[in-house]
């Protein structure tokens, strides 16, 4: 996971913060604090993350493309502009139907 320092009080353009890489998943941490994280991800088509769980609630915002997010065995199709909440301790997996970019906001407290 790459982490670049962002200036505070700076306007950022999500679309230009990550570039797609062939057959890869790319990530960039924007905020990494004890109370939570904000991370951008970029998935090439047919790439994904296998089923796992996290001890905290997380919100996923799709800002480009199309993804299938499976939570506790139930698949959801998300496209640009949509969000979904992944509850703490629920197994979930992600797969790029088309290449997609997302923001993951994890709340730890």
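Residue numbers (UniProt numbering): 1 to 109.
All C-beta atoms, glycine included, are put in the ideal place defined by N, C-alpha and C.
All figures in this text were calculated on a predicted structure; none of them were measured in a lab.
Simplified DSSP state of residue i, which is helix, strand or coil
i, result
"residue 3", "In this prediction, residue 3 scores a pLDDT of 46, lower than 50, which makes its location untrustworthy; no coordinate-derived value is stated."
"residue 50", "strand"
"residue 15", "helix"
"residue 167", "A query on residue 167 cannot be resolved here, the shown segment of the chain reaching from 1 to 109 and no further."
"residue 56", "coil"
"residue 20", "coil"
Endpoints, the beta strand (DSSP E) within which residue i is located
i, result
"residue 30", "25-33"
"residue 66", "66-71"
"residue 8", "Counting along the chain, residue 8 falls outside any beta strand (DSSP E), and DSSP gives it neither H nor E."
"residue 101", "100-107"
Rounded C-alpha distance that separates residue i from residue j
i, j, result
"residue 108", "residue 102", "19 Å"
"residue 23", "residue 44", "6 Å"
"residue 13", "residue 63", "11 Å"
Continuous alpha helix (DSSP H) stretch holding residue i: start and end
i, result
"residue 94", "Here residue 94 belongs to no alpha helix (DSSP H); instead the beta strand (DSSP E) covers 92-96."
Same chain only: Cβ atoms within 7 Å of residue i, ignoring 5 sequence neighbours per side
i, result
"residue 18", "26, 28, 40, 42, 101"
Cβ-based neighbour list, residue i, same chain, cut-off 6 Å, excluding 5 preceding and 5 following
i, result
"residue 38", "30, 31, 105"
"residue 52", "none"
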